[in-house]
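This report refers to the structure that appears directly beneath it.
Residue numbers (the working numbering): 5 to 886.
Take a look at the structure:
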C-alpha cells in the first residue's frame, strides 16, 4: 500500500517506547488517535521505503497526565528519522516528571528529578520536538528544537539531600535542549515567603545543579532552616537553641554535582534588622540585632553585627571553626543606667557611669561558654566596702559563665556555673539551677543556688559539695551598711546573729545565705558595735548556726537557731571565755533593745569573764526567753548572775508592754551579796573607799524603757541595804551617790571640836542599815542608820537620781565612851583618878552624846555636796546631872 489512515480508540492501553524511556511501557487509561501515513519506495531495492506519518490528533490520559499531541514524522535523515511534534497537557503530576525524561538525560539527572520533585501539579504543559532525532536533544540550536514548559502549582522542591525543601512553589519548569530550569515566582519555606528563585541544570550530561533563591519572613524560620540542614551538625549545633524574633531576609545559593549529591556546596546569608537574638536558653539575649549571618555547608559566620547586650551597645563578629567550635568576639559598652533599666535593685542603684568591655562567646557541640572582661574604668560604685569604687579606678573584672551542657545528666535540670574575678582579691564561684529551664536566660529569671563560694583576699574559692561558703580577710568589714543596703534584718540578720550577743530574728534562710563563713578582720561592725581583731568561723545547717569567734571584746562559741515557722524570735546561746564591753560601746549594746519587743531572741549566755567599762566583773550567766502574746509581748529575764570575788549579783525580771499601754517597761528583782564591798568599789574604779563591811543590797525596781536603758524619771522600787562591820577610808566627797554625802571625813573638817585622833584613819562602823523607797526617780529614806565606834549617824531625806542632787538631813552623835584622850592620860598618871573618870563616863555618856550631837543639812549636787550645820535649840541640850 502506498499509504492509509488509522483511527484508534481504546482504554487500558499500553504503549511501548523501547530505547526512549527508562521504563519503555507507558500505560494509558484511555486514548484516541487519528493517524495518516504514506510509503515511498526506495531508489534501491536493498533500502526500505520512506515512511511519512502525520499525527493529526492523539489524545490520551493516565494517572500521570492528560493531553494531546500532533505532528509529523518521516524516516531518513541521519538514521532515526526527522520529527516535528508539539503537544499540550492540561493535567500533569509534577512528581512523575522523572518518568518521562528520555534516556538521553543522564541517570544522575533523572535520579535527582525523581527525588527533587516529590509533589506538585501543572495545569498547563506545552512541548515541542523538532529536528533529526539523531541530533536530539539539539545542543546546537541550528540542528533542531526541543523544549517542555510546565506551569507549576503547589509543587515541592527538595533541591539537595539533607537540606529543607521549598513548598507551594508557583512557577515554571522548562526542559530545553540538554538542560532544565525551574523558575519559582513564589514558594514557602515554613513561614518564609520566597520572592524569587531558580534551579538550573545547564546540561543533562555533566553539569551540576545550580540553585539560587531569596526569601523574607520570620527570622526564627531561618534558624530552623539551619537546624534542619546538614549545616547544623557541621557548625557544632550552635544554632540548636537559638531564638530570634522579628523578620529577616534570606539569600541562598547551592552548587550540587549531580553525580555526587553527598557533597553540595552551599552559601547563604541572613540579614537581621532589629531582631532579638538568644543564642541559647542559657545565654542572656542580644537586643536590636542588625547585620549579616553568613553560612555555607561547613561554617557559619557573623559579619558586621551590631546589637545591644546587657542594655548597652555591642559590636560582634565570629564564625565556626574545626570540630564544630563556634567563637564570637565582641566589643561593648556597659552603662549603669542601662543596668538599672534591666534590673532595678539596691545594688544597681549604687552604680554610675559606664565602661567598655570585651565579650567572648564559645560553643562546642552545643556546650556554651561566655566570658566578659573589663577594666571598669568609668564605672563608679557607691556600694559598701570592698565594692566601693571611684570611676577612674582600674579594677579588672572577668566573668566566666558556663551554662548547662547536659541537662539530662542532672535529671533534665539546667545547671549553670559562674565565676567572677574582680581586682586581684575578690572571687566568686556559683552553680545555680534555673527554675524555668528551656527559657532564654534573663536577669530576672529565677535561679536556685545549688552551691557557691565567695573569697575576699583569700585566693581562688573552691566550690563546696553543697551550699554556699564565704571566706573573708579584710582590715574592716561593716555589716551594718550591708544590712541597711538590703533593707534591714530580712537579708542579713540570719548571718549576723551568731556574731552578736543579741540580735534581731531572721526570716527563713535565703538560698544565697552562706552555709559556712570564715572571717579574719581588723574590725567588724554590726548593730552599731565594733569588734576588733576578729577571727570568726561559722557554719549553718538549715536554720541552725554554730560559730567560733575570737575578738578583742569577746571570745567563745555561739549557737543560733532561726525562728520556727510563724515566729519572729530566734534563740542565741553562747559560751564565752571573755565578753568585753568598752565605755564607748555601752550605749551601742542598748540599741539592741530598740527593736520590737516581740523580735528579741531567747538568750542563754555564759561568759567566764565579763569586762564592763574596763572593769573586770567576773563570771556572767544570762538566760532569757520571749513569752507573752502578740498583743502583750514579754521578754523575760529568767536568770542573771554575775559572780565576782567580792560580790555575787542575782536577778530576775521582765521587759513587757502592759495591756492598755503603748510604753514598754522593765521590772527587776535583784540581790547583791557583798563579801567585800571595798574590793567591789575598787573594781569599779573607786579604790580606798571602804574596808570590810560585808552585807547585801537587794530589792525590786522598775522603769519605762529597755533593760539596758535605765530611765531615772520613771524609776520606781524598794531597796534594802545591810552592811556589817567596816570602815570608810579617806576619800573625796561625792564619790558615791549615797555614801559620799555622809562621808565623815568631810564632816570632821567642819566640826569645832577636835576629834582628829578618832577620825584620822577613817570612820569605823559596826553596821549600816537602810530602807530606800524610789518613786519617779526620787530615792527617799527615813531610816538610814550607821552605827560606829566614833559616832552614830542617822540620815533621812531624798535624792534626785536623774539630777544627781540631794536634800538630806544628817544627824551625827559622837561616841564618847573610849575616845577622850584626857581621861586616858589621867588613868595612866593616877589610877584613882582614872577609876573615877571611868565611873563618871558611865554616868555622863548619854547626856554627853546629846550635848555633842549635831545635825547637818546636805544639799546640792553629788559631786559637790553643800553641808550646813543646824543650830540645836537650848531645849535640846540635856540637863546637868545632879
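Every residue gets a Cβ at the ideal spot worked out from N, C-alpha and C, and that includes glycine.
For residue i, three-class secondary structure by DSSP
| i | result |
| --- | --- |
| residue 758 | Unreliable positioning characterises residue 758 in this predicted model, as indicated by a pLDDT of 38, which lies under 50. A coordinate reading is not provided. |
| residue 194 | coil |
| residue 224 | helix |
| residue 398 | coil |
| residue 573 | coil |
| residue 869 | coil |
| residue 369 | coil |
| residue 380 | coil |
| residue 363 | strand |
| residue 831 | Residue placement at residue 831 cannot be trusted, given a pLDDT of 43 that sits under 50; what the coordinates show is reported in the next sentence. Note: residue 831 maps to helix in three-state DSSP. |
| residue 617 | coil |
| residue 326 | helix |
| residue 887 | Nothing about residue 887 can be read from this structure; the chain reaches only from 5 to 886. |
| residue 858 | strand |
| residue 693 | coil |
| residue 458 | strand |
| residue 36 | strand |
| residue 736 | Interpretation of residue 736 is limited by its pLDDT of 47, a score under 50 that renders its predicted location unreliable; no figure is taken from the coordinates. |
| residue 238 | helix |
Same chain, Cβ closer than 6 Å to residue i, five either side skipped, listed in chain order
| i | result |
| --- | --- |
| residue 681 | 694 and 697 |
| residue 462 | 475 and 477 |
| residue 520 | 473 and 543 |
| residue 64 | 32 and 35 |
| residue 227 | 243, 246 and 248 |
| residue 406 | 373 and 421 |
| residue 17 | 32 and 35 |
| residue 403 | 376 and 424 |
| residue 803 | 783 and 810 |
| residue 505 | Interpretation of residue 505 is limited by its pLDDT of 37, a score under 50 that renders its predicted location unreliable; the figure taken from the coordinates is listed afterwards. Result list for residue 505: empty, nothing under 6 Å. |
| residue 522 | 475 and 541 |
| residue 229 | 168 |
Close beta carbons around residue i, own chain, < 7 Å, minus the five adjacent residues each side
| i | result |
| --- | --- |
| residue 426 | 399 and 401 |
| residue 560 | 553, 578, 579, 580 and 581 |
| residue 115 | none |
| residue 99 | 121, 122, 123 and 124 |
Residue burial classification, residue i (beta-carbon count within 10 angstroms, cutoff 16)
| i | result |
| --- | --- |
| residue 10 | exposed |
| residue 13 | exposed |
| residue 83 | exposed |
| residue 20 | exposed |
| residue 263 | exposed |
| residue 326 | exposed |
| residue 53 | exposed |
| residue 392 | exposed |
| residue 644 | buried |
| residue 243 | buried |
| residue 533 | buried |
| residue 817 | buried |
| residue 236 | buried |
| residue 225 | buried |
| residue 545 | exposed |
Cut-off 8 Å between Cβ atoms - residues of its own chain near residue i, not counting five sequence neighbours on either side
| i | result |
| --- | --- |
| residue 218 | 198, 199, 200, 201, 253, 254, 255 and 256 |
| residue 76 | 56, 57, 58, 59, 87, 88 and 89 |
| residue 74 | 59, 60, 61, 62, 89, 90 and 91 |
| residue 278 | 250, 292, 293 and 294 |
Cβ-Cβ separation, residue j to residue i (assumed contact under 8 Å), whole Å
| i | j | result |
| --- | --- | --- |
| residue 481 | residue 551 | 15 Å between Cβ atoms; not a contact. |
| residue 103 | residue 68 | 7 Å |
| residue 722 | residue 704 | 6 Å |
| residue 324 | residue 303 | 4 Å |
| residue 395 | residue 383 | 7 Å |
| residue 110 | residue 25 | The pair is not a contact, with the Cβ atoms about 14 Å apart (cut-off 8 Å). |
| residue 726 | residue 709 | Contact flag wrong, Cβ pair sits at about 29 Å. |
| residue 332 | residue 290 | Contact doesn't hold; Cβ gap of about 10 Å is too wide. |
| residue 566 | residue 574 | 5 Å |
| residue 153 | residue 178 | 5 Å |
| residue 812 | residue 783 | Rounded, the Cβ-Cβ distance is 10 Å, inconsistent with contact. |
| residue 611 | residue 624 | 4 Å |
Residue i at chain C interface by Cβ criterion, 7 Å
| i | result |
| --- | --- |
| residue 397 | The structure shown contains no chain C; it holds only a single protein chain. |
Handout entry: Three or more C-beta pairs below 8 Å linking the region 340-349 and the region 360-377
Key = no
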